[in-house]
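This report refers to the structure that appears directly beneath it.
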Amino acid sequence: MVNPVAISLRGLTRRFGDVVAVNSIDLDVLHGEFLSLLGPSGSGKTTVLRMIAGFERPDAGTIELAGTDVTMTAPYARDVNTVFQDYALFPHMTVAENVQYGLRVKKVAKAERVERAQAALASVRLADYEDRKPAQLSGGQRQRVALARALVNRPKVLLLDEPLGALDLKLREQMQVELKEIQREVGITFVFVTHDQDEALTMSDRIVVINEGRIEQIGTPTEVYEHPATAFVAGFVGISNLLDPVTAEQVIGRPGTWSVRPEKIHVHLSGESAPAGHHCLNGTVREVIYVGMSTRFVVDLPAGGSLMAVRQNSEGSTDLGHLRGQSVGLSWDERYEYQVADRI
Amino acid sequence: MTTVELASPKGGFGYRHPRARLVALLGAPMSWLIVIYLGSLAALFLTAFWTVDGFTGALVRTFTLENFVDVFTTPAYLWVMARTVGIAVAVTILCLLLAVPVAYFMARIATKRWQPLLVAMILTPLWASYLVKAYAWRAMLSPESGVIAWFLAPLGIGGPGFGIFGIIVTLTYLWLPYMILPVYAGFSRLPDSMLDASADLGAKGWRTFRSVVVPLIFPAIVAGSIFTFSLSLGDYITAQIVGGKVQMLGNVVQQNYVTNLPFAAAFAVIPVLIVLIYLAAVRRTGALDNL
Ligand SMILES: Nc1ncnc2c1ncn2[C@@H]1O[C@H](COP(=O)(O)OP(=O)(O)O)[C@@H](O)[C@H]1O
Ligand SMILES: [Mg+2]
């Protein structure tokens, strides 16, 4: 049996002066999986990635690649490749030379080198751009050259540091689909860093939510979105919708901080009663926000705090501005409420 | 139908007359360049085609290639040329060998706090007079009383004394900052991720240096070498002070300009030509494109 774990991190820690950028992280990345590191800017995602690649030495902890300890191994001796946030293409080399660089360094024979580089460029749909210099490419094209330059080496693991961050929205969404397809085709383990929750949710097999150098939660997109483990995750992934302990005690009848996703909350005009198996409470509409496909309601709660509810604009009148200031009832199915830890 | 004349907002004079703006900006420096700089070069070039009357010593203003024929057919002069180019090349290579590690340290190893200080330290010698520095080296190199001779005496070796070696060492010392500064700027501009990417693709340090670092700082090296090469080529004072009997191009010019100005002019055209050839060669490498 092959070892199913591609990367294993144990107690991984990195400090910069007083800043603990990465704080004792334990993580197993499985072979062939698309794993995202999701967290706000400065949470330590890049530092984790740089330690896996070998650019940064951990202060404590170990890194194993496919069962081999590489904690003290130099970057050039690790079987991983990186797609850098700024792409880091060599400006003095053509696209073809960039893609062939890794193979040339490893002394792959010229014929094979050329063939593999062509195949890699074809797989990112840049077959006709071999002789261009990076400066003559658009952002999206550079991004794909960087991807081809990494993939051509057939690494066991590909590390991507916010590779779509510099692209505009349309291109980014298109590249998300393409990246996912490429990953499925080549079957390489992807560790994908992003601060964009939508990107993480749409692309990943599993998401690791990181905050202040610590792991807040590891899980599938559904788990992370629907069962946020901590208040931080509830707030960072999706829209923060927390019931403070006082309100929770009243509505749910149990202590602690609870969370409900906005789209699980129904808004009724006062007077209507909630169906069985639903928890409900009343509030005052503070804001009605029309966002095209849906309308968002911000509802102030009597005991303080507020909840957001989202209603799809699929039927009925979509101009609900008149509800502002009105008292409404909110209800949700008990199955969709989750208790969150206050901060690990 | 009526047309409405929109009042167009008026820009200043310079906005409405871009050419006038250009003239105002460049007028003074361009006249300086054309009249004084190119003018004197042209005068030099012109003089090189005249001769001097052998008896009276008066200038004879008739076109002749005699001076150039002289320059290029007299073995002694050809030697001076070869020697000068050799010295300039040696100085440039030495400066490069010293500047690359120093500039690398300054730009990529030293902390941000130290960098301005190190740059200041590199600049400091430039504030001292050229002559003082040359004479300092004369004192060091002197065969009888020099520091170097004194150090080597216990080993039973004589010092290098005055000569080509002294010239090369002194010129290297004088022009080193002109190489360090552009190379330092080149290293500072080099993104860290470029080095990481190379290592990531399997390259060890030396490979990265050859395939990534050197090509990327090459324009900076070229910029530095233009300084060190052309400054060395035109120098004659250092040769006088620490060169002993060794002559460079400038010394020949200096010895002739009183008695035979046209010949001195012809000789002085040579370093200009060499630098132009050097620049043309450098241009072919493409290093000047993004200087
Ligand atoms: N080379 C460095 N020197 C000093 N501090 C650093 C360095 N790299 C990262 N940090 C600090 O470590 C923390 C995590 O950084 P990083 O891993 O880049 O976060 P992210 O990629 O999640 O935005 C930040 O507070 C950052 O300022
Ligand atoms: Mg980052």
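Just so you know, the protein sequences line up as chains A and B, in that order.
For the first sequence, this note's numbering assigns the number 116 to the initial residue and increments by one for each residue that follows.
For the second sequence, this note's numbering assigns the number 153 to the initial residue and increments by one for each residue that follows.
For every residue, glycine included, the Cβ atom is placed at its ideal position computed from N, Cα and C.
From a predicted model like this one, the values you see are computed outputs, not experimental measurements.
Simplified DSSP assignment, three categories, for A:Phe307: Here residue 307 of chain A corresponds to residue number 192 of the first sequence, with the count starting at 1. Looking at A:Phe307 - three-state DSSP - the assignment turns out to be strand.
Within chain B, the residues that A:Asn196 reaches when beta carbons sit closer than 8 Å: The residue you call residue 196 of chain A lines up with position 81 of the first sequence. By Cβ distance, chain B contributes Asp352 and Leu353.
According to DSSP, residues forming a beta bridge with A:Trp447: Here residue 447 of chain A refers to the residue found at position 332 when the first sequence is read from its first residue. Paired residue(s): A:His394.
Helix, strand or coil at A:Asp133 according to DSSP, with G and I counted as helix: As a working note, residue 133 of chain A is residue 18 in the first sequence. The answer is coil: DSSP assigns A:Asp133 none of H, G, I, E or B.
Proximity test, Cβ basis, 8 Å: B:Asp348 and chain A: Taking the first residue of the second sequence as 1, we reach residue 348 of chain B at position 196. Yes, its Cβ sits closer than 8 Å to a Cβ of chain A.
Contact set for B:Ala172: own chain, Cβ-Cβ below 8 Å, skip 5 residues either direction: Along the second sequence, one-based indexing puts residue 172 of chain B at 20. Once the five neighbours on either side are set aside, the close Cβ partners of B:Ala172 are Phe165 and Gly166.
Neighbour flag for A:Phe170 against chain B, beta carbons, 8 Å: Reading the first sequence from its first residue, position 55 is the one you call residue 170 of chain A. Yes, A:Phe170 lies at the interface with chain B (some Cβ there is under 8 Å from its Cβ).
Below 6 Å from a heavy atom of ligand 1 - residues by beta-carbon: A:Phe131, A:Val134, A:Ala136, A:Gly154, A:Ser156, A:Gly157, A:Ser158, A:Gly159, A:Lys160, A:Thr161 and A:Thr162
CB contact check: A:Asp243 to chain B, cutoff 8 Å: Within the first sequence, numbered from 1, the residue matching residue 243 of chain A stands at position 128. For A:Asp243, the answer is no, since every Cβ of chain B falls outside 8 Å of its Cβ.
Any non-hydrogen atom of ligand 2 within 7 Å of A:Asp276 CB: By one-based count along the first sequence, residue 276 of chain A stands at place 161. For ligand 2, at least one heavy atom lies less than 7 Å from the Cβ of A:Asp276.
Chain A residues whose Cβ lies nearer than 7 Å to that of B:Leu326: If you number the second sequence from 1, residue 326 of chain B lands on position 174. Those within 7 Å of B:Leu326 in chain A number zero; the least Cβ separation is about 32 Å.
Test item: CB-CB of A:Thr345 and A:Val455 under 8 Å: Numbered from 1 along the first sequence, position 230 holds the residue referred to as residue 345 of chain A. Numbered from 1 along the first sequence, position 340 holds the residue referred to as residue 455 of chain A. Taking 8 Å as the Cβ cut-off, A:Thr345 and A:Val455 qualify as a contacting pair.
Local Cβ density within 10 Å of B:Asp348, reported as buried at 16 or more and exposed below that: Position 196 of the second sequence, counting from 1, holds the residue named residue 348 of chain B. B:Asp348 comes out buried.
Sequence-distant residues of its chain with Cβ nearer than 7 Å to B:Leu250 (five each side left out): Residue numbering aside, residue 250 of chain B sits at position 98 when the second sequence is read from its first letter. Only Leu328 meet the Cβ criterion.
Buried versus exposed, by CB contacts within 10 Å (16 or more), A:Gln215: Here residue 215 of chain A refers to the residue found at position 100 when the first sequence is read from its first residue. Per the 10 Å Cβ criterion, buried.
C-alpha distance - B:Trp184 paired with B:Arg168, whole-angstrom precision: Counted from its first residue, the second sequence places residue 184 of chain B at position 32. Counted from its first residue, the second sequence places residue 168 of chain B at position 16. Distance between the alpha carbons of B:Trp184 and B:Arg168: 27 Å.
Neighbour flag for B:Ser340 against chain A, beta carbons, 8 Å: Residue 340 of chain B sits at position 188 when you count from the first residue of the second sequence. Not one chain A Cβ lies under 8 Å of B:Ser340.
Local conformation of A:Tyr405 per DSSP, three classes: By 1-based counting over the first sequence, the position of residue 405 of chain A is 290. Three-state DSSP puts A:Tyr405 in a strand.
Members of the region 386 to 412 of chain A near chain B, C-beta cut-off 7 Å: none
Opening and closing residue of the beta strand (DSSP E) in which A:Ile322 lies: Walking along the first sequence from the start, residue 322 of chain A turns up at place 207. Segment Arg321 to Asn326, the beta strand (DSSP E) holding A:Ile322.
Extent of the continuous alpha helix (DSSP H) run through B:Glu296: Along the second sequence, one-based indexing puts residue 296 of chain B at 144. Careful: B:Glu296 lies outside any alpha helix (DSSP H) and carries neither H nor E.
Partners in chain A for B:Leu368, counting only beta-carbon separations shorter than 9 Å: If you number the second sequence from 1, residue 368 of chain B lands on position 216. Near B:Leu368 (Cβ distances below 9 Å), the residues of chain A are Phe205, Pro206 and His207.
Residue closest to A:Arg231, alpha-carbon to alpha-carbon, out of A:Glu212, A:Lys248, A:Gly353 and A:Pro249: For the purposes of this step, residue 231 of chain A is identified with residue 116 of the first sequence, where counting begins at 1. It is A:Glu212.
Other residues of its chain near A:Ile380: CB distance less than 6 Å, five sequence neighbours each side excluded: Looking up residue 380 of chain A in the first sequence gives position 265. Taken in chain order, the residues that qualify are Ala424, Leu445 and Trp447.
Residue-level contact to chain A via CB, B:Lys356, 8 Å cutoff: Stepping through the second sequence from its first residue, residue 356 of chain B is reached at position 204. By this cut-off, B:Lys356 is an interface position.
Contact list for A:Val220 against chain B, beta-carbon separation under 7 Å: Walking along the first sequence from the start, residue 220 of chain A turns up at place 105. Here the neighbours are Leu353, Gly354, Ala355 and Arg359.
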